[in-house]
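First the structure, in the form of structure tokens, and then the observations on it.
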Amino acid sequence: MSRVRGYLLLAVIAATVVIVDRVTKIFVEQRFGVPYGPREVVDHVLFLTVTRNAGAAFGLFQNFRVAFLLISAVVLVGILIYYWRLPARDWSARLGLALVFGGAIANAYDRGVKGSVIDFIQVPHWPIFNVADSAITVGVAVLLVGTLWRSGRPRRA
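As structure tokens, then:
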């Protein structure tokens, strides 16, 4: 895979995450308002709870907006640099980083423009989150699984 195609893959996945995140946040904010809920969606498993979050993922470290924007910028640049150095066949790393990149852009946009993000997905024993948080979490999981998978395979000489 050429570097251009690799970055195209990153852009498509990240853009998809950003679009789905924006559409869902706009929908719940306009349809239900902030704050809203909790409203049970799936019996005892999934709730709709719309809230503003001025902190990091899952509501951690409230009211550090400038710090989060700076950290997000550093992480995004770091992902682009690391992505450039990835072997063309490292699909798990490419997918994982693209998901993290898209989630980070989506939440950084909200923090920069609105001062906070909208969280609305709630499951028992877990903080309220959104699509961007989910993409970041799944992206990190894909990176970890890919790393574990590669570490368990014998290396070619």
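Taking the numbering used here, I'd label the letters of the sequence shown as residues 29 to 185. Glycine included, C-beta positions come from ideal geometry on N, C-alpha and C. Keep in mind the model is a prediction, meaning the values are calculated, not measured.
First and last residue of the uninterrupted alpha helix (DSSP H) at residue i
i	result
residue 59	31 to 60
residue 113	93 to 113
residue 139	119 to 142
Opening and closing residue of the beta strand (DSSP E) in which residue i lies
i	result
residue 76	74 to 81
residue 157	Here residue 157 belongs to no beta strand (DSSP E), and DSSP marks it neither H nor E.
residue 219	With the chain represented from 29 up to 185, any question about residue 219 goes unanswered, as that position is not in the structure.
residue 67	64 to 70
Sheet register partners of residue i (DSSP bridge)
i	result
residue 178	In DSSP, residue 178 forms no bridge with anything.
Proximal residues to residue i (C-beta, below 7 Å), its chain only, five neighbours per side dropped
i	result
residue 143	82, 93
residue 107	125, 128, 129
residue 139	93, 96, 97, 145
Residue j beta carbon less than 8 Å from that of residue i
i	j	result
residue 74	residue 151	yes
residue 148	residue 76	yes
residue 171	residue 100	no
residue 78	residue 56	yes
residue 122	residue 34	yes
Sequence-distant residues of the same chain with beta carbon closer than 8 Å to residue i, five excluded per side
i	result
residue 136	96, 97, 100, 101, 104
Supposed close pair residue i, residue j - CB separation, criterion 8 Å
i	j	result
residue 131	residue 163	4 Å
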